[in-house]
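In this note's numbering, the protein residues as written are 22 to 404. For each residue, glycine too, the CB sits at the ideal point set by N, CA and C. Single-structure report; data block below.
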């Protein structure tokens, strides 16, 4: 009977974590609010193996849509796509195991262990390189504009939810009186509510007082399809002609900064540079800077996934904005025929100044990870 109850509770926890992942990452930004409750299932698990299955269900729910995107890299090779997707989830789920402990009852112990777990899955390879669907992402929604402090308070909030879950599970364990628990809970809720209010008001005021840095800039959402290095020449050529016509039109409309998506222009060598020479001269003449997503070929089988600056280079603080990490295996594949480079360094921090104004660039897989965002947030460069 006891074993049946355990199995039922595990199944219920897996279903709950799957729904948190599914709703949290696939229903719009408001779904992120659910992510703070994930540690409740983590801390309430009975065994380490249960933790693994619970977190595996979470990542499966959060990343199920990635299988569609895998077609861009693997085409019709669905077996490889499914295998890599499943392997990725297995690795990420295992990152929640080292600091889990059965029967945690003290608030600060939960906080410390949860903090160490977040550090592991966010900053330590291989978890940090694969770390999609990180619950810490929700801190930006809970505490907008609060920076590192907002992340710490978010961990505190998640710990508070987990502490309540343990308290309910153990019927307010006898080592803590109801009176103390009630006071602690009220103080914590009031503190966090005040912090949320202040940080969000600060973010709104800061946004209203900020100069209109987007005036004269435009982002071009192209629909030219996927392109691979080594495709038929005339297809590459046609793509470049289309991109050039778009740039020329936008320059005539008076835009000073024109930004394209990553790798939209395909490979970038001396041949492509010569092809864009006339557009570069036109952009230079009109004081316009074009940021073009390219595969900047640096050797026979290596390339930088980057944004190259064409035209008025003085407007942009970097002539070449490199991606720190591209999609593992799909783009960054050290053993493949073609591979994007890994550009992790203090200098390549994603902070770029456009006409003196700081801008954060997240290219490719960086948008799905925590550490590139934090690296850019903490960068101290000046224009």
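Beta-ladder partner(s) of residue i, from DSSP
i           : result
residue 289 : 317
residue 170 : None; residue 170 has no bridge partner.
residue 241 : Note: residue 241 sits in no beta bridge, so no partner.
residue 312 : 280 and 330
residue 325 : 317
Between the CA atoms of residue j and residue i - distance to the nearest angstrom
i           : j           : result
residue 338 : residue 400 : 14 Å
residue 368 : residue 31  : 46 Å
residue 194 : residue 116 : With a pLDDT of only 42 at residue 194, under 50, the local geometry of the prediction cannot be trusted, and no value is derived from it.
residue 380 : residue 357 : 33 Å
residue 151 : residue 138 : 15 Å
residue 8   : residue 50  : Because the chain here runs from 22 to 404, residue 8 falls outside it and cannot be looked at.
residue 36  : residue 127 : 27 Å
residue 404 : residue 340 : Because the pLDDT at residue 404 is just 48, under 50, the model does not fix this residue reliably, and the point stays unresolved.
residue 106 : residue 47  : 17 Å
residue 165 : residue 147 : 28 Å
residue 79  : residue 329 : 38 Å
residue 322 : residue 315 : 15 Å
residue 155 : residue 391 : 7 Å
Backbone secondary structure at residue i - three-state DSSP
i           : result
residue 119 : coil
residue 63  : helix
residue 82  : helix
residue 340 : coil
residue 37  : helix
residue 129 : helix
residue 331 : strand
residue 30  : helix
residue 263 : helix
residue 373 : strand
residue 359 : coil
residue 256 : helix
residue 380 : strand
residue 353 : strand
residue 179 : helix
residue 391 : coil
residue 272 : helix
Own chain residues within Cβ distance below 7 Å of residue i, not counting five before or after
i           : result
residue 122 : 134
residue 53  : 45, 158, 159 and 162
residue 55  : 41, 44 and 45
Cβ-based neighbour list, residue i, same chain, cut-off 6 Å, excluding 5 preceding and 5 following
i           : result
residue 370 : 396, 397 and 400
residue 275 : none
residue 238 : 278
residue 281 : 241, 313 and 314
Burial state of residue i, where buried means 16 or more other Cβ atoms lie within 10 Å
i           : result
residue 266 : exposed
residue 184 : buried
residue 129 : exposed
residue 384 : buried
residue 333 : buried
residue 99  : exposed
residue 319 : exposed
residue 312 : buried
residue 60  : buried
residue 373 : buried
Chain-order list of residues whose beta-carbon lies under 8 Å from that of residue i (same chain, five-residue window excluded)
i           : result
residue 273 : none
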